[in-house]
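Q:
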Amino acid sequence: MSRVSLVRCVDYDPQRVDAAVRRAVELLGGMGAYVRPGQRVLLKPNLVRPVPPERAVCTHPTVVAAVARLVVEAGGHPVIVESPGGPYSEGVLRSFYRKTEMVWAAEAGGAELNYDVEAVQVSHPDAQLLHRLDLVKPLTEVDVVINLPKLKTHNLTGLTMAVKNLFGLVPGALKIGYHAKMQERERFAHGLLDIYTYVRPALNLMDAVVAMEGDGPSGGDPRPMGALVAGADSLAVDVAGAALVGFEPMDVLTTQIAVERGLTRGRPEDIEWLGDAPDTVRLADFRRGTASEIDPGLLPRALRGLLRMEPSGEGDARGRGVFRILARGWVWRQLISLPRAGSECTGCGYCARHCPV
298 MSRVSLVRCV DYDPQRVDAA VRRAVELLGG MGAYVRPGQR VLLKPNLVRP
348 VPPERAVCTH PTVVAAVARL VVEAGGHPVI VESPGGPYSE GVLRSFYRKT
398 EMVWAAEAGG AELNYDVEAV QVSHPDAQLL HRLDLVKPLT EVDVVINLPK
448 LKTHNLTGLT MAVKNLFGLV PGALKIGYHA KMQERERFAH GLLDIYTYVR
498 PALNLMDAVV AMEGDGPSGG DPRPMGALVA GADSLAVDVA GAALVGFEPM
548 DVLTTQIAVE RGLTRGRPED IEWLGDAPDT VRLADFRRGT ASEIDPGLLP
598 RALRGLLRME PSGEGDARGR GVFRILARGW VWRQLISLPR AGSECTGCGY
648 CARHCPV
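For the record, in the sequence shown the residue sitting at position 151 is 448 according to the working numbering, with numbers rising by one throughout.
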């Protein structure tokens, strides 16, 4: 059985969050079970949009700070790392860190903020789909990964929790290329699981103090839930999180595909709950989002509008479906840059400066 700790936390008061995070981790053996003195520890929050914490889009800074403090107490060196979609530069990271209050989290928790925007390509022979992964360089320079997702609905996967949060380790706009290569939802889930099986976080602690319901992962509504969910097994944390908001495990696409791949049995009865009882935080009326084949959050606003368009006139369902498929294909063709940089590209920019087109 996989152990998952559940601790009630009614709001983001820093002292209350500190106590709840500490209890959630202690129930799993304490931070010393995951971090040894001298180790560099990557903290991976969900920072999908540069918006303030009260929007419930991003992992709350008090949660990040509390985890960082535990890492420091264990003798580790915490580094906050995120790669939002779109341009990936030091300036973009500074804006995200400031607006999501990660600057405060780093100062309060004794963590370093990562500004290294270099990408590396790694081999993943055991992958099902992505045998070569483009990932942020800091991932290759740490000893431990602690995953800090936010519980939210997601238009592609049903919910975004521990496994989906690791997509943020793909550098910037390269995410768009990954979506283009994995346009079908099932292929996208396989890709996410390939990233997960490469990264394998040592610990996951999910912010569900205020979750997001409706059209997540960034356009939904904050929903107070009052919980922190933690565990060493990312897939078990996802099964637990889904159960707390009334989802069946197979309603979460990454869990469904993980079961098919034999990575988990995906059964709530296989979870050993530690801490507070699930019924103390369970939500029976959590609003689901609208399913989609494309994550519109990665696209410019004008293209998001195009994907919502339907042809004028009566038409039939098949005709409307064909229109959307053609529109989707056109959108991706506009987003995939040609020529593409090869593995030996240094990013010097010479070709862009001297391109005759």
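Positions of the beta carbon are idealized from the N, C-alpha and C atoms, including for glycine.
Computed from a prediction, not measured in an experiment: that's the story for all the values here.
Just how far apart, CA to CA, sit Ala317 and Asp573?
A: 11 Å
Q: Compute the Euclidean distance between the alpha carbons of Leu251 and Leu550, then round it to the nearest angstrom.
A: Past the boundaries of the shown model lies residue 251; the chain is included only from 298 to 654, so the question cannot be answered.
Q: Tell me the rounded alpha-carbon separation between Arg300 and Leu502.
A: 13 Å
Q: Using 10 angstroms around the beta-carbon of Ser392, count the other beta-carbons present and answer buried if the total reaches 16, otherwise exposed.
A: exposed
Q: Over the uninterrupted beta strand (DSSP E) stretch that includes Val301, give me the two end residues.
A: Taken as a continuous stretch (DSSP letters only), the beta strand (DSSP E) holding Val301 covers 299-305.
Q: Within the chosen definition, does the stretch 476-485 reach the stretch 533-548 through at least 3 CB pairs nearer than 8 Å?
A: no
Q: How big is the Cα-Cα spacing for Asp423 and Ala555?
A: 14 Å
Q: Using the rule of at least 16 other Cβ atoms within 10 Å of the residue's Cβ for burial, across every protein chain shown, is Glu607 buried or exposed?
A: Confidence at Glu607 is low in this model, with a pLDDT of 48, below 50, so its placement is unreliable and no value can be given for it.
Q: Mapping the DSSP letters down to three states, classify Asn411 as helix, strand or coil.
A: coil
Q: Can you name, in chain order, every residue of its own chain whose Cβ lies under 6 Å from the Cβ of His451, other than the five neighbours on each side?
A: Contacts found: Thr457, Gly513, Pro514.
Q: To the nearest angstrom, how far is the alpha carbon of Val442 from that of Val338?
A: 6 Å
Q: Would you give the residue range spanned by the beta strand (DSSP E) that His421 belongs to?
A: Segment: none, His421 is in no beta strand (DSSP E) and carries neither H nor E.
Q: Is it right to say Asp576 is buried, meaning 16 or more other beta carbons lie within 10 angstroms of its own, or is it exposed?
A: exposed
Q: Taking only three categories from DSSP, how would you classify Thr457?
A: strand
Q: Is it true that the stretch 360-372 meets the stretch 313-328, where meeting means three or more beta-carbon pairs spaced less than 8 Å apart?
A: yes
Q: Would you report the Cα separation of Lys472 and Gly382, rounded to the nearest angstrom?
A: If you draw a straight line from the Cα of Lys472 to the Cα of Gly382, it comes to about 6 Å.
Q: Tell me the residue span of the alpha helix (DSSP H) that contains Pro384.
A: Here Pro384 belongs to no alpha helix (DSSP H), and DSSP marks it neither H nor E.
Q: Along the chain, where does the alpha helix (DSSP H) containing Lys478 start, and where does it finish?
A: 471-478
Q: Below 8 Å on the Cβ atoms is my contact criterion, and I expect Pro468 with Asn343 to pass it. Report the Cβ-Cβ distance as a whole number of Å.
A: Not a contact, Cβ separation roughly 16 Å.
Q: Please determine, among Gly511, Ser420, Ala402, Val345, the residue with the shortest C-alpha to C-alpha distance to Asp582.
A: Gly511
Q: So for Val376, helix, strand or coil by DSSP?
A: strand
Q: Given Asn411, which residues of its chain have a CB within under 6 Å of its CB, disregarding the five upstream and five downstream residues?
A: Val376, Val378, Pro435
Q: Measure the alpha-carbon distance for Ala321 versus Arg484 and round it to whole angstroms.
A: 34 Å
Q: Could you compute how far the alpha carbon of Gly372 sits from the alpha carbon of Glu481?
A: 43 Å
Q: Look at the alpha carbon of Val345 and the alpha carbon of Thr587, and state the distance between them as a whole number of angstroms.
A: 18 Å
Q: Where do the N-terminal and C-terminal ends of the alpha helix (DSSP H) with Leu532 fall, by residue?
A: First-last of the alpha helix (DSSP H) with Leu532: 531-541.
Q: Would you kindly work out how many angstroms separate the C-alpha atoms of Glu355 and Leu448, rounded to a whole number?
A: It should be noted that the sequence gives Cys, not Glu, for residue 355. Distance between the alpha carbons of Cys355 and Leu448: 9 Å.
Q: Report the residue from Gly517, His487, Pro521, Leu367 whose alpha carbon sits nearest the alpha carbon of Arg319.
A: Leu367
Q: Roughly how many angstroms separate the alpha carbons of Arg333 and Pro565, rounded to a whole number?
A: About 31 Å.
Q: Classify Pro384 as buried or exposed, calling it buried when 16 or more other Cβ atoms lie within 10 Å of its own Cβ.
A: exposed
Q: From Leu325 to Met298, what does the alpha carbon distance come to, in whole angstroms?
A: 13 Å
Q: By DSSP, does Ala505 sit in helix, in strand, or in coil?
A: strand
Q: Determine the DSSP secondary structure at Val526, reduced to helix, strand or coil.
A: Three-state result, Val526: strand.
Q: Give the straight-line distance between the Cα atoms of Val542 and Ala459, rounded to the nearest whole angstrom.
A: 15 Å
Q: If you run the structure through DSSP and keep just helix, strand and coil, what is Pro349?
A: Secondary structure of Pro349 (DSSP, three-state): coil.
Q: Relative to the C-alpha of Arg429, which candidate in Leu525, Asp308, Asp491, Leu390 has its C-alpha closest?
A: Asp491
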